[in-house]
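Novice: Shown below is the structure under consideration.
2 protein chains.
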Amino acid sequence: MRTPISVVAAGLAALLTAVPTFAADALYSERELQTAAWIRDAAADGNKAYAILESLTTEVGPRMAGSEGDARAVAWAEAKFKELGFDKVWKEPVSFPSWQRGVERAEVLAPFPQHLVVTALGGSIATADGGLQAEVVAFDNLDALKAAAPETLAGKIAFVNKPMRAFRDGHDYGPTVAARGAGAVEAGKKGAVGLLIRSVGTDSDRLPHTGLMRYDDKVNKIPAAALSVPDADLLANMLKRGQPVKLKLEIGAKAGPTYTSYNVIGEISGTEKSSDYVLIGGHLDSWDLGTGAIDDGAGCAMTMAAAEFLNRNGLKPKRSIRVVLFANEEQGLFGGNQYHDAHVKELKNVHAAAEADFGQGPVYRLDSHVKPQALPLVKQMQQVLAPLGIEAGGNDNSDGPDLRAMNMAGIASFGLALDGIDYFDLHHTPNDTFDKIEQARLNQSVAAFATWAWLAANSPTDFGSMGDYLVGKAKAAQH
Amino acid sequence: MRTPISVVAAGLAALLTAVPTFAADALYSERELQTAAWIRDAAADGNKAYAILESLTTEVGPRMAGSEGDARAVAWAEAKFKELGFDKVWKEPVSFPSWQRGVERAEVLAPFPQHLVVTALGGSIATADGGLQAEVVAFDNLDALKAAAPETLAGKIAFVNKPMRAFRDGHDYGPTVAARGAGAVEAGKKGAVGLLIRSVGTDSDRLPHTGLMRYDDKVNKIPAAALSVPDADLLANMLKRGQPVKLKLEIGAKAGPTYTSYNVIGEISGTEKSSDYVLIGGHLDSWDLGTGAIDDGAGCAMTMAAAEFLNRNGLKPKRSIRVVLFANEEQGLFGGNQYHDAHVKELKNVHAAAEADFGQGPVYRLDSHVKPQALPLVKQMQQVLAPLGIEAGGNDNSDGPDLRAMNMAGIASFGLALDGIDYFDLHHTPNDTFDKIEQARLNQSVAAFATWAWLAANSPTDFGSMGDYLVGKAKAAQH
Numbered sequence: 003m004r005t006p007i008s009v010v011a012a013g014l015a016a017l018l019t020a021v022p023t024f025a026a027d028a029l030y031s032e033r034e035l036q037t038a039a040w041i042r043d044a045a046a047d048g049n050k051a052y053a054i055l056e057s058l059t060t061e062v063g064p065r066m067a068g069s070e071g072d073a074r075a076v077a078w079a080e081a082k083f084k085e086l087g088f089d090k091v092w093k094e095p096v097s098f099p100s101w102q103r104g105v106e107r108a109e110v111l112a113p114f115p116q117h118l119v120v121t122a123l124g125g126s127i128a129t130a131d132g133g134l135q136a137e138v139v140a141f142d143n144l145d146a147l148k149a150a151a152p153e154t155l156a157g158k159i160a161f162v163n164k165p166m167r168a169f170r171d172g173h174d175y176g177p178t179v180a181a182r183g184a185g186a187v188e189a190g191k192k193g194a195v196g197l198l199i200r201s202v203g204t205d206s207d208r209l210p211h212t213g214l215m216r217y218d219d220k221v222n223k224i225p226a227a228a229l230s231v232p233d234a235d236l237l238a239n240m241l242k243r244g245q246p247v248k249l250k251l252e253i254g255a256k257a258g259p260t261y262t263s264y265n266v267i268g269e270i271s272g273t274e275k276s277s278d279y280v281l282i283g284g285h286l287d288s289w290d291l292g293t294g295a296i297d298d299g300a301g302c303a304m305t306m307a308a309a310e311f312l313n314r315n316g317l318k319p320k321r322s323i324r325v326v327l328f329a330n331e332e333q334g335l336f337g338g339n340q341y342h343d344a345h346v347k348e349l350k351n352v353h354a355a356a357e358a359d360f361g362q363g364p365v366y367r368l369d370s371h372v373k374p375q376a377l378p379l380v381k382q383m384q385q386v387l388a389p390l391g392i393e394a395g396g397n398d399n400s401d402g403p404d405l406r407a408m409n410m411a412g413i414a415s416f417g418l419a420l421d422g423i424d425y426f427d428l429h430h431t432p433n434d435t436f437d438k439i440e441q442a443r444l445n446q447s448v449a450a451f452a453t454w455a456w457l458a459a460n461s462p463t464d465f466g467s468m469g470d471y472l473v474g475k476a477k478a479a480q481h
Numbered sequence: 003m004r005t006p007i008s009v010v011a012a013g014l015a016a017l018l019t020a021v022p023t024f025a026a027d028a029l030y031s032e033r034e035l036q037t038a039a040w041i042r043d044a045a046a047d048g049n050k051a052y053a054i055l056e057s058l059t060t061e062v063g064p065r066m067a068g069s070e071g072d073a074r075a076v077a078w079a080e081a082k083f084k085e086l087g088f089d090k091v092w093k094e095p096v097s098f099p100s101w102q103r104g105v106e107r108a109e110v111l112a113p114f115p116q117h118l119v120v121t122a123l124g125g126s127i128a129t130a131d132g133g134l135q136a137e138v139v140a141f142d143n144l145d146a147l148k149a150a151a152p153e154t155l156a157g158k159i160a161f162v163n164k165p166m167r168a169f170r171d172g173h174d175y176g177p178t179v180a181a182r183g184a185g186a187v188e189a190g191k192k193g194a195v196g197l198l199i200r201s202v203g204t205d206s207d208r209l210p211h212t213g214l215m216r217y218d219d220k221v222n223k224i225p226a227a228a229l230s231v232p233d234a235d236l237l238a239n240m241l242k243r244g245q246p247v248k249l250k251l252e253i254g255a256k257a258g259p260t261y262t263s264y265n266v267i268g269e270i271s272g273t274e275k276s277s278d279y280v281l282i283g284g285h286l287d288s289w290d291l292g293t294g295a296i297d298d299g300a301g302c303a304m305t306m307a308a309a310e311f312l313n314r315n316g317l318k319p320k321r322s323i324r325v326v327l328f329a330n331e332e333q334g335l336f337g338g339n340q341y342h343d344a345h346v347k348e349l350k351n352v353h354a355a356a357e358a359d360f361g362q363g364p365v366y367r368l369d370s371h372v373k374p375q376a377l378p379l380v381k382q383m384q385q386v387l388a389p390l391g392i393e394a395g396g397n398d399n400s401d402g403p404d405l406r407a408m409n410m411a412g413i414a415s416f417g418l419a420l421d422g423i424d425y426f427d428l429h430h431t432p433n434d435t436f437d438k439i440e441q442a443r444l445n446q447s448v449a450a451f452a453t454w455a456w457l458a459a460n461s462p463t464d465f466g467s468m469g470d471y472l473v474g475k476a477k478a479a480q481h
């Protein structure tokens, strides 16, 4: 049995007081690294993430931006931060256009009548009352759709049937999700009356994956929906027979009013430089089909639990640790962009940032985006994290959709890369529920975030946030 | 590369002609066993089952008894038997009361509003218009519900939350499905207004499992539905908090008119005793949520393909091989019972029977229900099948729901036990679709059925069908 945490913490607090001032080029001291190693092991052994996530998924559940669940999630987050003992808890408004799901039905009318399982893509318009009926034309991917001759799709439904492969880093998401984002515009240009895509997912469950799509005001808008993977296979099998396949598609989605939600924030105050902070977090909103356990309840829970773990064990960081639960990531990064805008004059206070938005973990690699002089510190961080199975990454981190605007401005950021091998089995589906969470995976992620946040907050030097190197790099990337 | 089948078949046909008359106590000859071994290996290498099943699930799909899909399935089966070259194809009428699914919705009203995924159990009545609203009372299993004091459930919804464990032989199905069958009656006795069960399944997908339930005319009838496994977990997590949980349940199911479907039958005629036949088959109907790939498209496809394989290769059996695709198994074994009744005077012609209704396989054990004198033949069969990984079972086979009535009368039957370790992940859910079929598993099952059917049809003696031993055993079992 491990030494009781309170005893160790008391000892550590005494040790920490004795640490001398860092030299300008200082590395982490042995004592600091020992503290970090204790955090790593003790947090992996047990923390509150699993209970926090159970609470969020059970007591709130679906919390699509702009829905009733959104407001319940904000209230839950504020209350939970307070219950967990955070020093400061507040919220910052984020406004955005809302979208509402309605009826969604698809059926094959001929030659083989049977129903298909679909879900509207986020942002889709509705079909006319009673739905639309049209023949289906299949494409292997978005490029094939783009290559179709103009007006070849007149009056038809375009069906993009690109399968997605599973990788730990999810690198097939980008090439696959392209059709979800741009398919309706490309199909609309060719005269199509609707878009169907194969779900952007690596499972074979009869559960469709929703997700955001875009329109172009210069192109005729058409309803857009995803078939579950088995339904995409079924439709493809029908089409193989060479006869025209006629579908009926009924989508009742609609735009709602402008809605104001909140980034909800909890902070553990730093003991020395409290205006500087390490930013960790995830996004509080989810899609509506599941209860948002892996996307992104897990990211919220693991970062809340990481900060809470330090605080509960008397480990007061030198700089503050701020947990930001971003509003409406799913429908356009509204929370992350708003956070950037609201804090644009004080981004130098973001000492370092790391977001968790790729499932429950475990964390398998540490990436960074810091000034070169700070790389020895990153190496020390990775060495402490190595016993968790975390390898060294590169210095081009761009992880975290809600950090994108701040990364583009030049903050120092880190990527604690979460293992996404099964993430896209569940992502944006009804199957994103709490029963999929494996406590050991979540605990490892909390250990990584707690250890990293501690070391980042107590670093002997800065990481170059908003300094010449990172700002220059960011500007170069934008050109 | 294997010797072309046609060459081997021609050689075998010559060999078979030369086989001498069997003595009364004869075993299978070495030549017959060699033929069987060739069938085993060649059928495992390739056969039409996968293509047949693709055709059924693509061109027909859901085929719930009494639905439009039922009629399409009957037409498909007749046409497919003819296309596959069966010597005789016919159908026999089967009438039953039909049932129709309607709207199905559940949501938690308090204390944690969110929707739950449910499906009506087959046979359920509807809720009153607008649904019902009531508090939930949970029970660990049917026995706990039965043990509740009279009227303790007055005005409430009973929720039976028994998980099911996965085993190759599915032996946890019986103890778990008890609540699906009898839960509404037992809850109705205590004054409940609705029944919810945890889906009878071994998955954790947000897809509920439907299946038949029963009423008792002496007990108040209440609507009955299944929550998906994740939703049962979610509801249980809410209940753990100790506050009353209030649900809204809306079920729109209703009884339909009496419907006449058909047992569809294809036969390969025997060369010597064509009025005697080996009966193999599965049930043609499915539930409505999926496309009935594993339940029981697989059983239909593997038995059709097994008989077709023999016929296509010129292997003419001495006795006939009859493939019966039973109507409406799911809602009360109507097809099997009707087959028994229609053929009750000629059950002695059922030389041996084996049904496939437990998924795609592989077959892992050979059970029998034969006269003791025939057991040496069963042993020889198993020895031929052993290279497929098929072990010896016992002589108390009762496999095959559609054979139940005939087994109870005293026919000789066999069980080619299908590996059901993942069967209840998909059973009766939308996820029962063709993409779940692994061709190698299906091929092994076809090889087992083809080999067994050949040996059964060519057996040197009878297996005791309707003889004193089996009739006596059946009578004893009924007492």
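As given, the protein sequences belong to chains Y and E, one line each in that order. All the letters of the first sequence, read from the start, carry residue numbers 3 to 481 under our numbering. All the letters of the second sequence, read from the start, carry residue numbers 3 to 481 under our numbering. Note that the Cβ used here is the ideal one computed from N, Cα and C, for glycine as well.
Just tell me which of Y/Y425, Y/R367, Y/L379 has its CA closest to the CA of Y/N399.
Specialist: For Y/N399, the nearest C-alpha among the options comes from Y/R367.
Novice: Against E/P232, what residues of chain Y qualify as contacts under a CB-to-CB distance less than 7 Å, listed in chain order?
Specialist: Within 7 Å Cβ-Cβ: T435, D437.
Novice: Among E/N315, E/M66, E/G254, which residue has its Cα nearest to the Cα of E/A128?
Specialist: Answer by Cα proximity: E/G254.
Novice: How many Å lie between Y/V195 and E/I439 at the Cα?
Specialist: Their Cα atoms are separated by approximately 34 Å.
Novice: Alpha carbon to alpha carbon, what distance is there between E/T121 and Y/A376?
Specialist: One C-alpha to the other measures close to 57 Å.
Novice: Using a Cβ cut-off of 8 Å, pull out every chain E residue sitting near Y/D235, in sequence order please.
Specialist: What Y/D235 touches in chain E: T435, F436, D437.
Novice: Return the first residue and the last residue of the alpha helix (DSSP H) that E/Y30 is part of.
Specialist: Where E/Y30 is concerned, there is no enclosing alpha helix (DSSP H), given that its DSSP letter is neither H nor E.
Novice: Secondary structure at Y/N2, three-state DSSP: helix, strand or coil?
Specialist: Because chain Y is modelled from 3 through 481, residue 2 of chain Y falls outside the range shown and cannot be assessed.
Novice: Is Y/F436 helix, strand or coil when you go by DSSP?
Specialist: Three-state DSSP puts Y/F436 in a helix.
Novice: Measure from the alpha carbon of Y/S296 to the alpha carbon of each residue in Y/L86, Y/G176, Y/L58, Y/A39, then state which is nearest.
Specialist: According to the sequence provided, residue 296 of chain Y is Ile. The question's Ser does not apply to it. It is Y/L58.
Novice: List the whole-angstrom C-beta distance separating E/L123 from E/A226, where the pair is believed to meet the contact cut-off of C-beta under 8 Å.
Specialist: Confirmed, about 4 Å.
Novice: Compare the C-beta of E/S206 against all C-beta atoms of chain Y and say whether one is closer than 7 Å.
Specialist: It does; some Cβ of chain Y falls within 7 Å.
Novice: Give the straight-line distance between the Cα atoms of Y/S277 and Y/E269, rounded to the nearest whole angstrom.
Specialist: Between Y/S277 and Y/E269, the C-alpha separation is close to 11 Å.
Novice: What separation, rounded to the nearest whole angstrom, lies between the Cα atoms of E/Y425 and E/Q362?
Specialist: Taking the straight line from one Cα to the other gives about 8 Å.
Novice: Does the ligand NAP have even one heavy atom less than 6 Å from the beta-carbon of E/Q245?
Specialist: In terms of ligand content, the structure shown is empty, and the ligand NAP therefore cannot be addressed.
Novice: Take E/Q116 and list the residues in its own chain whose beta-carbon comes closer than 6 Å to its own, dropping the five residues that flank it on each side.
Specialist: Counting only Cβ-Cβ distances below 6 Å, and skipping sequence neighbours, we find V110.
Novice: Express the C-alpha separation of Y/T293 and Y/R33 in angstroms, rounding to a whole number.
Specialist: Taking the straight line joining both Cα atoms gives about 42 Å.
Novice: Just to confirm the assignment, what range does the beta strand (DSSP E) spanning Y/Y279 have?
Specialist: Note, Y/Y279: beta strand (DSSP E), 275 to 285.
Novice: Buried or exposed for Y/T298, going by 16 or more other Cβ atoms inside 10 Å?
Specialist: The question names Thr, but residue 298 of chain Y is Asp in the sequence shown. Label assigned to Y/D298: buried.
Novice: What's the gap between the Cα of E/N397 and the Cα of E/K373?
Specialist: Straight-line Cα distance between these residues: approximately 9 Å.
Novice: In its own chain, which residues sit with a C-beta less than 8 Å from the C-beta of E/Q382, not counting the 5 before and 5 after it?
Specialist: Same-chain partners within the cutoff: L29, Y30, L35, L457.
Novice: Looking at E/E80: is its Cβ nearer than 7 Å to the Cβ of E/F436?
Specialist: The answer is no: Cβ separation not under 7 Å.
Novice: How about Y/H430 and Y/G284: do their beta carbons lie closer than 7 Å?
Specialist: The answer is no: Cβ separation not under 7 Å.
Novice: Which residues in chain Y sit within 9 Å of E/M240, going by Cβ to Cβ distance?
Specialist: Result: T60, E61.
Novice: If you draw a straight line from the C-alpha of E/T262 to the C-alpha of E/L335, how long is it?
Specialist: Going from the Cα of E/T262 to the Cα of E/L335 covers about 14 Å.
Novice: Any C-beta of chain Y within less than 9 Å: which residues of the segment 95 to 127 of chain E qualify?
Specialist: Listed in sequence order: V110, P113, F114, P115, Q116, H117, V119.
Novice: The beta strand (DSSP E) spanning E/A160 covers which residue range?
Specialist: Here the beta strand (DSSP E) through E/A160 covers 159 to 162.
Novice: Do we get a CB-CB distance below 7 Å when we pair Y/P246 with the residues of chain E?
Specialist: With 7 Å as the cut-off, Y/P246 does not count as an interface residue toward chain E.
Novice: Taking C-beta to C-beta, are E/L86 and E/E310 nearer than 7 Å?
Specialist: Result yes, Cβ atoms of E/L86 and E/E310 sit closer than 7 Å.
Novice: Say whether the segment 402 to 422 of chain Y touches the segment 150 to 163 of chain Y, bearing in mind that this needs 3 or more beta-carbon pairs closer than 8 Å, one atom from each stretch.
Specialist: Cβ pair count under 8 Å is below three, so no.
Novice: Please classify Y/P364: is it buried, with 16 or more other beta-carbons within 10 angstroms of its beta-carbon, or exposed?
Specialist: So Y/P364 ends up on the buried side.
Novice: Taking the continuous beta strand (DSSP E) assigned at E/R74, which residues delimit it?
Specialist: No beta strand (DSSP E) holds E/R74; the alpha helix (DSSP H) holding it covers 70 to 85.
Novice: Note down, in chain order, every chain E residue with its Cβ under 9 Å from the Cβ of Y/L209.
Specialist: D207, R208, L209, P432, N433, listed in chain order.
Novice: Between the segment 160 to 174 of chain E and the segment 198 to 210 of chain E, do at least 3 Cβ pairs fall closer than 8 Å?
Specialist: Verdict: yes, contact present.
Novice: Alpha carbon to alpha carbon, what distance is there between E/A51 and E/L379?
Specialist: Whole-angstrom Cα-Cα distance: 27 Å.
Novice: For Y/D219 and Y/G258, I'd like the C-alpha separation in whole angstroms.
Specialist: Rounded to whole angstroms, Y/D219 to Y/G258 spans 18 Å at the Cα level.
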